[in-house]
Amino acid sequence: MMYVKSKDKKVEIMEEKDIVQYIQGRLFEMQDLAYKDFQSKLIPTIAPERVIGVRMPALRKFAKEFGKTGEAKDYLKQLPHKYYEENNLHGALIAGMKEYEQCIEELDRFLPFVDNWATCDMISPKVFRKHLPELLKKIREWIDSDNTYVIRFGIGMLMSFYLDDAFDLMYPKMVSEVRSEEYYVNMMIAWYFATALSKQYEEVLPFIEKQCLDVWTHNKTIQKAVESCRITEEQKKYLKSLKIQ
6 MMYVKSKDKK
16 VEIMEEKDIV
26 QYIQGRLFEM
36 QDLAYKDFQS
46 KLIPTIAPER
56 VIGVRMPALR
66 KFAKEFGKTG
76 EAKDYLKQLP
86 HKYYEENNLH
96 GALIAGMKEY
106 EQCIEELDRF
116 LPFVDNWATC
126 DMISPKVFRK
136 HLPELLKKIR
146 EWIDSDNTYV
156 IRFGIGMLMS
166 FYLDDAFDLM
176 YPKMVSEVRS
186 EEYYVNMMIA
196 WYFATALSKQ
206 YEEVLPFIEK
216 QCLDVWTHNK
226 TIQKAVESCR
236 ITEEQKKYLK
246 SLKIQ
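Take 6 as the starting number for the sequence shown in this note's numbering and just add one per residue.
Printed below as a string of structure tokens:
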């Protein structure tokens, strides 16, 4: 630690390495070994030794607490992180930001370091709802990336914020034009279209009827859509008939 004087008292300031040690210590205090084993199986792109085993409610609660400290800003500079949960904490801190420009700036620094679907999918900044027009430019940039999880994040933002009142046919068209060999990109495309079918069925159905997606993603979309309780039985029956053999 180092100290600085503030009037007549000392104020404790953590150095960068101390912040990392502090965060790791707090995360290990919340460790659940059974959850660690469970979570490790769900994220095969992460080595098991990089997973501490912290449940998301506990991590989000800590992020809310830590985000109010002066050290949070310094922590965001500490990239790359060693542990999966450190990345999740980083993502949660960004998701909680109230300033749009700051949020975008931090995302652009952080997203290239995201290395798994779970961290990618947990980041959904509430501030985005107030900035949908300008967010579209960033989404296009993210989708045009050659980074798996940057692309996935961009599609995820279209799914989260542009399938209800802000819906426009240009958005599913944008997603349908993405071509990738990456499993986690194609899974997100399928998830996007399955969700879009549940919310904008008549408008989105032609993308499936006209087979605008590659075969694997097309069939996965149908599979995920028929699992939705928001799709009617009649719609499910028709979607199944569109499966590519």
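We treat Cβ as the ideally placed atom computed from N, Cα and C, and that holds for glycine.
(request) Taking only the alpha-carbon atoms, compute the straight-line gap between aspartate 37 and methionine 193 and give it to the nearest angstrom. (result) Numbered from its first residue, the sequence shown carries residue 37 at position 32. Numbered from its first residue, the sequence shown carries residue 193 at position 188. Those two C-alpha atoms are separated by around 29 Å.
(request) If I'm right that lysine 262 touches valine 59 with Cβ under 8 Å, what's the distance once you round it to whole angstroms? (result) Residue coverage of the chain in this structure runs from 6 to 250, which leaves residue 262 outside it and unanswerable.
(request) At 3 residues or longer, and completely inside the region 24-69: list those beta strand (DSSP E) runs for me, N to C. (result) none
(message) Are the CB atoms of isoleucine 128 and valine 183 within a distance shorter than 8 Å?
(response) For the purposes of this step, residue 183 is identified with residue 178 of the sequence shown, where counting begins at 1. For the purposes of this step, residue 128 is identified with residue 123 of the sequence shown, where counting begins at 1. Contact: no.
(request) Establish whether the CB of valine 132 and some CB of chain C are separated by less than 8 Å. (result) The displayed structure is made up of one protein chain only, and chain C is not part of it.
(request) List the endpoints of the continuous alpha helix (DSSP H) containing methionine 102. (result) Within the sequence shown, residue 102 is the residue found at index 97, counting from 1. It is not in any alpha helix (DSSP H) - methionine 102 carries neither H nor E in the DSSP assignment.
(message) Please identify the residue among Cys217, Val209 and Lys215 whose C-alpha is closest to the C-alpha of alanine 230.
(response) The sequence position of residue 230 within the sequence shown is 225, counting from 1. Closest by alpha carbon: Val209.
(message) Considering just the uninterrupted stretch of the alpha helix (DSSP H) at arginine 145, what are its terminal residues?
(response) Counted from its first residue, the sequence shown places residue 145 at position 140. That run of the alpha helix (DSSP H) goes 137-148.
(message) Can you tell me whether proline 117 is helix, strand or coil according to DSSP?
(response) Reading the sequence shown from its first residue, position 112 is the one you call residue 117. Proline 117 falls in the helix class under three-state DSSP.
(message) What does the alpha-carbon distance come out to for the pair proline 49 and arginine 235?
(response) For the purposes of this step, residue 49 is taken as the residue at position 44 of the sequence shown. For the purposes of this step, residue 235 is taken as the residue at position 230 of the sequence shown. Each residue's Cα considered, the two are about 30 Å apart.
(message) Please return the same chain residues whose Cβ sits closer than 7 Å to the Cβ of serine 11, not counting the five positions on each side in sequence.
(response) If you number the sequence shown from 1, residue 11 lands on position 6. Confidence in serine 11 is poor, its pLDDT being 37 and thus under 50, which makes the residue's placement unreliable; the coordinate value appears in the next sentence. Once the five neighbours on either side are set aside, serine 11 has no close Cβ partner at all.
(message) I need the DSSP call for isoleucine 18, collapsed to helix, strand or coil.
(response) By 1-based counting over the sequence shown, the position of residue 18 is 13. Caution applies to isoleucine 18, whose pLDDT of 46 falls short of 50 and renders its modelled position unreliable; the value that the coordinates give is listed next. In the structure shown, isoleucine 18 sits in a strand (DSSP, three-state: E or B).
(message) Suppose contacts are defined by Cβ-Cβ distances below 8 Å. Is isoleucine 28 in contact with leucine 81 by that definition?
(response) Your numbering for residue 28 matches position 23 in the sequence shown. Your numbering for residue 81 matches position 76 in the sequence shown. Not a contact, by the Cβ cut-off of 8 Å.
(message) Excluding the 5 residues flanking threonine 222 on each side, which residues of the same chain have their C-beta closer than 6 Å to its C-beta?
(response) Working through the sequence shown from its first residue, we reach residue 222 at position 217. Asn191, Ile194 and Ala195, listed in sequence order.
(message) Just to confirm before moving on: does the CB-CB distance between alanine 201 and serine 233 stay below 8 Å?
(response) On the sequence shown, residue 201 is found 196 positions in, with the first residue counted as 1. On the sequence shown, residue 233 is found 228 positions in, with the first residue counted as 1. No, Cβ-Cβ distance for alanine 201 and serine 233 is not below 8 Å.
(request) Consult DSSP for phenylalanine 257 and reduce its assignment to one of helix, strand or coil. (result) Summary: the structure shown does not reach residue 257, with the chain confined to residues 6 through 250, and so no result is reported for it.
(message) Is it buried or exposed, glycine 96, if we count other Cβ atoms within 10 angstroms and call 16 or more buried?
(response) Here the question's residue 96 lines up with position 91 in the sequence shown. The residue is buried, with at least 16 neighbouring Cβ atoms inside 10 Å.
(message) With a threshold of 6 Å on Cβ separation, who are the neighbours of valine 56 within its own chain once the five nearest residues in sequence on each side are excluded?
(response) Residue mapping note: residue 56 aligns to position 51 of the sequence shown, counting from 1. Lys41, Gln44, Ser45 and Tyr89, listed in sequence order.
(message) Less than 8 Å between the beta carbons of serine 185 and cysteine 217, yes or no?
(response) Locating residue 185 in the sequence shown gives position 180, counting from the first residue. Locating residue 217 in the sequence shown gives position 212, counting from the first residue. No. Outside cutoff.
(message) With distance defined between alpha-carbon atoms, name the residue in Val25, Tyr243, Trp122 and Lys143 nearest to leucine 112.
(response) Locating residue 112 in the sequence shown gives position 107, where the first residue counts as 1. Closest by alpha carbon: Lys143.
(request) Following the continuous alpha helix (DSSP H) through phenylalanine 133, name the residue where it begins and the one where it ends. (result) Numbered from 1 along the sequence shown, position 128 holds the residue referred to as residue 133. Per DSSP, phenylalanine 133 lies in no alpha helix (DSSP H) and is assigned neither H nor E.
(message) Among the candidates Ile160, Asn121 and Gly30, whose CA atom is the shortest distance from the CA of methionine 179?
(response) Translated into positions along the sequence shown, residue 179 becomes position 174. Measuring from the Cα of methionine 179, the nearest candidate turns out to be Ile160.
(request) Run the CB neighbour count on aspartate 13, radius 10 Å, all protein chains shown included, and call it buried at 16 or more, exposed below. (result) Translated into the one-based positions of the sequence shown, residue 13 becomes position 8. Low per-residue confidence applies at aspartate 13: pLDDT is 38, beneath 50, and the placement is therefore not dependable enough to give any value.
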